[in-house]
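Residue numbers (the numbering used here): 638 to 931. The C-beta atom is built at its ideal place from N, Cα and C for all residues, glycine as well. Presented below is the structure to which this report refers.
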Amino acid sequence: MSDVVEFRLRDEVVLRHIFDCGQCFRFVCEEDGSYSGVFRRSFINVSLQEQGNIMKVKRILGESIDEEELYRFFDLGSSYERIKEKFKAKDEVMKKAILKGEGIRILRQDFFETLITFIISQNNNISRIRKNIESICAAYGSEVEAGSGIYAFPTAEELAGAKEKDLKALKLGYRAGYIVKSVEHYIKKKDRIQRCIEKLAKEYEKQEEENLFNELMKFPGVGAKVADCIMLFATPCKNRFPIDTWIKKIMEEKYAMKVESKKDKDKVQKFVEVKFSPYAGIAQQYLFYSAIGD
DNA sequence: CTGCAGGTCTCAG
DNA sequence: CTGAGACCTGCA
């Protein structure tokens with residue numbers, strides 16, 4: 638445990654691509670291009686050093702930071718360069734998309750936080766998603782350091798104290814009900830889900846991926862898109878391809894695929910799986926980032 | 001004052 | 001099993 642951790646990077650990393658590609662909502666860009674945000678029970682600052690060869694993580698407030706946990710958070714065990722080469726060779730559209738999002742990495746975030754965050758994200762806009770999350774943290778999370786005014790994301794037990802009307806008072810809107818029910822559901826199912834995730838961490842299996850997906854779909858307020866996001870951003874599975882409005886547009890414009898009915902979407906899933914498995918989710922991030930970029 | 005935002009749920013058919 | 005409509009809120 639320490640105050641500063643540095644990693645020598647094997648891959649090209651661009652912080653903006655990581656923190657501004659829609660996978661997380663609590664990190665903000667500083668004037669020097671570094672990013673600050675809450676990681677577990679610490680407020681940290683992430684910057685690149687030495688022409689991008691070193692990633693430096695500094696604890697600003699709260700608990701000391703752990704190298705292993707950060708290594709996992711930034712998915713530093715995966716070689717994105719190798720994945721990118723494979724993608725480029727297979728697909729021309731992807732080749733261009735990768736140029737725009739060269740430095741993306743998929744963060745491995747906390748499961749519960751990701752679950753609640755993406756329930757909030759449905760049919761919502763970025764600025765309100767951010768506000769909603771901060772409200773929840775301030776109301777139910779604990780401060781990373783006394784008097785700092787910076788709050789960790791609440792644990793399931795902390796958030797279990799929230800009633801629907803309380804969350805509505807925080808302007809969560811109709812998602813308030815989903816959250817209350819999903820917190821309850823999570824507390825009941827968390828052991829089972831944890832086991833699923835551990836199995837997937839040991840080795841990737843399509844069947845186990847499906848099991849977890851089906852399990853996630855049982856959470857109130859979680860549909861296919863949100864389930865895919867949770868899988869991609871909070872479990873070892875990198876094969877889910879969330880289809881949101883941006884991806885829909887891309888698949889229609891660049892791949893000439895229809896994306897309206899559930900059937901159409903299943904077709905898209907198959908299509909990207911054949912091309913990019915077991916990393917369809919990483920492909921999704923390049924496409925997504927290239928779409929929001931312009 | 002409408003429209004819409006990184007969807008999901010609910011019901012008819 | 002599939003396809004419309006409704007849905008909190010807030011900013012354009």
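Under DSSP, Ile691 takes part in a beta bridge, and its partners are Arg645 and Gln686.
In the displayed model, Gly814 falls within a helix according to three-state DSSP. For the pair Lys802 and Lys768, the Cα-to-Cα distance works out to about 18 angstroms.
Going by DSSP, Ser927 is part of the alpha helix (DSSP H) stretching over Ala917 to Gly930.
For Phe662, no alpha helix (DSSP H) encloses it, and the DSSP letter there is neither H nor E.
Counting along the chain, no alpha helix (DSSP H) covers Ser673; the unbroken beta strand (DSSP E) around it starts and ends at Tyr672 to Phe676. Beta bridge pairing from DSSP links Ile702 with Ser639.
Here Val641 is exposed. Its C-beta has fewer than 16 other C-beta atoms within 10 Å. Every alpha helix (DSSP H) stretch that sits fully inside the region 849 to 882 and reaches 4 residues is listed by chain position as 861 to 871. Per DSSP, Glu840 is not a residue of any alpha helix (DSSP H), being assigned neither H nor E. In the three-state DSSP reduction, Ser914 falls in the coil class, being neither helix nor strand. Here Ser758 carries a helix assignment [DSSP, helix/strand/coil]. In this structure, Pro879 lies away from His822, with their beta-carbon atoms at least 8 angstroms apart.
Ala799 and Leu849 have their C-alpha atoms spaced approximately 26 angstroms apart.
Ile929 and Glu845 have their C-alpha atoms spaced approximately 32 angstroms apart. Bridge pairing for Glu780: Tyr788 [DSSP].
A direct Cα-to-Cα measurement between Asp901 and Lys895 gives close to 6 angstroms. According to the DSSP secondary-structure assignment, Ser679 is paired through a beta bridge with Phe676 and Gly699. In the displayed model, Lys800 falls within coil according to three-state DSSP, outside both helix and strand. By the neighbour-count criterion, in which a residue is buried when 16 or more other Cβ atoms sit within 10 angstroms of its Cβ, Ala734 is buried. In the three-state DSSP reduction, Cys833 falls in the helix class (H, G or I). Taking all protein chains shown into account, Cys666 has fewer than 16 neighbouring C-beta atoms within 10 Å of its C-beta and is therefore exposed. In this model, Asp648 and Ala920 are separated by some 16 angstroms (Cα to Cα). Distance from the CA atom of Tyr788 to the CA atom of Ser758, rounded to whole angstroms, is 20 angstroms.
Ser772 sits in a helix when the DSSP states are folded into three classes. Leaving aside the five residues that flank Tyr815 on each side, the residues in its chain whose CB is nearer than 7 angstroms to its CB run, in chain order, Ile756, Pro857 and Gly858. Going by beta carbons, Leu652 and Gly674 fall outside the 8 angstroms limit. In this structure, the straight-line span from the alpha carbon of Ala871 to that of Ala893 is close to 31 angstroms. A direct Cα-to-Cα measurement between Leu646 and Leu744 gives close to 15 angstroms. For Lys733, the enclosing alpha helix (DSSP H) covers residues Glu729 to Lys737.
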